[in-house]
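Residues 1 to 249 in full-length UniProt numbering are what the sequence shown spells out, letter by letter.
One structure below.
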Amino acid sequence: MKILVPVKRVVDANIKVTVKSDNSGVDIANVKMSINPFDEIAVEAAVRLKESGVATEVIAVSCGVTQCQETLRTALAIGADRAILVESNDELQPLAVAKLLKALIDKEQPQLVILGKQAIDDDSNQTGQMLAALANLPQATYASKITVAGGRATVAREVDGGSETLEMSLPAVITTDLRLNEPRYVTLPNIMKAKKKPLETVRPDTLGVDVMPRLKTLKVTEPPKRRAGVKVSDVRTLVDKLRNEAKVL
Ligand code: AMP
1 MKILVPVKRV
11 VDANIKVTVK
21 SDNSGVDIAN
31 VKMSINPFDE
41 IAVEAAVRLK
51 ESGVATEVIA
61 VSCGVTQCQE
71 TLRTALAIGA
81 DRAILVESND
91 ELQPLAVAKL
101 LKALIDKEQP
111 QLVILGKQAI
121 DDDSNQTGQM
131 LAALANLPQA
141 TYASKITVAG
151 GRATVAREVD
161 GGSETLEMSL
171 PAVITTDLRL
181 NEPRYVTLPN
191 IMKAKKKPLE
201 TVRPDTLGVD
211 VMPRLKTLKV
221 TEPPKRRAGV
231 KVSDVRTLVD
241 KLRNEAKVL
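Take a look at the structure:
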């Protein structure tokens, strides 16, 4: 059983991004980029399924610029067997990525596609759902536990006030939540091994996909600055402020 894991190259979660002066987007020039954290969890989940004998091959795929190869090498170092870069310098919006992944599903015929629930750069939370719709596959989003047996996947997902368990036939699409697992620490020998694993490059047009953006970003702005706090001299003043100036809270 093959598992396809889409991994996105995003600004590292520890970086504080700044908005470009023309408000057209976030400045990512010379900023540290990493694998999207939810995708790292997805790779870990797929590799664990392989280690437990359920899956036979884990294929990582990234859509974007040449440097996405680094993201793919991270996935290979965690334990993916091979990687596919869908190389494009165009802005790839979730619908375009979903179409590219659908084309790869047709080509690779995986039994499971495990994506992150969202990419932390644009927080779209759309690609997995769109992919399931385009490929006409069952989906379980926000997985906090995945079990695969007898051609079916059982997925626990945290919902308001509890947990919901879904069962689906394979092939299927799953998106990961933070609680699914804690990705392993990538060791140096595995980073070295990853350099030798196969990485194939394809282009959107060879997959027959038009990646033209359908959405236009009108404006990106910084969040409003937090007002400075005030020091109060005694408890009486504090209580008075809390009573009469509730908005300072
Ligand atoms: P999003 O819908 O943009 O929040 O992304 C949800 C998930 O789709 C991510 O966690 C990835 O697994 C996958 N994904 C989105 N964009 C890409 C991309 N350019 N390359 C590979 N996977 C992607």
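Backbone N, C-alpha and C define an ideal beta-carbon position, used for all residues, glycine too.
Return yes when the C-beta of residue i is under 7 Å from any heavy atom of the ligand AMP, and no when it is not.
i	result
Gln126	yes
Asp122	yes
Ala42	yes
Ser62	yes
Gln69	no
Ala194	no
Ala119	yes
Asp39	yes
Asn36	yes
Val7	yes
Pro94	yes
Leu115	yes
Val97	yes
In the DSSP assignment, what residue or residues form a beta bridge with residue i?
i	result
Gly64	Glu87
Arg9	Ile35
Leu115	Thr175
Ile59	Leu4 and Arg82
Thr154	Thr147 and Glu167
residue 325	In the structure as shown, the chain begins at 1 and stops at 249. Residue 325 is therefore absent and cannot be evaluated.
Val26	Val19
Val159	Gly162
Between which two residues does the beta strand (DSSP E) holding residue i run?
i	result
Gln139	Gln139 to Ala149
Thr127	No beta strand (DSSP E) holds Thr127; the alpha helix (DSSP H) holding it covers Thr127 to Ala135.
Met168	Gly162 to Ser169
Would you give the residue range spanned by the alpha helix (DSSP H) that residue i belongs to?
i	result
Glu222	Where Glu222 is concerned, there is no enclosing alpha helix (DSSP H), given that its DSSP letter is neither H nor E.
Glu108	Pro94 to Glu108
Glu193	It is Lys, not Glu, that sits at residue 193 in the sequence shown. Residues Leu188 to Lys195.
Thr206	That residue, Thr206, is in no alpha helix (DSSP H); it is neither H nor E in DSSP.
Asp240	Val235 to Asn244
The stretch 56-66 / the stretch 130-148 touching (three or more Cβ pairs under 8 Å): The answer is no - the stretch 130-148 does not touch the stretch 56-66, with fewer than three Cβ pairs under 8 Å.
Sufficient close CB pairs (3 or more, under 8 Å) joining the stretch 187-203 to the stretch 163-175: no
The stretch 210-220 contacting the stretch 24-39, beta-carbon criterion three pairs below 8 Å: yes
Segment contact flag, the stretch 93-109 with the stretch 2-12, C-beta cutoff 8 Å, min 3 pairs: yes
Sufficient close CB pairs (3 or more, under 8 Å) joining the stretch 182-195 to the stretch 158-166: no
Given 8 Å, three or more beta-carbon pairs between the stretch 114-127 and the stretch 231-245: no
At least 3 beta-carbon pairs within less than 8 Å: the stretch 47-58 vs the stretch 84-92: no
Three or more C-beta pairs below 8 Å linking the stretch 111-120 and the stretch 31-41: yes
Meets three-Cβ-pair contact criterion under 8 Å: the stretch 141-149 and the stretch 65-73: no
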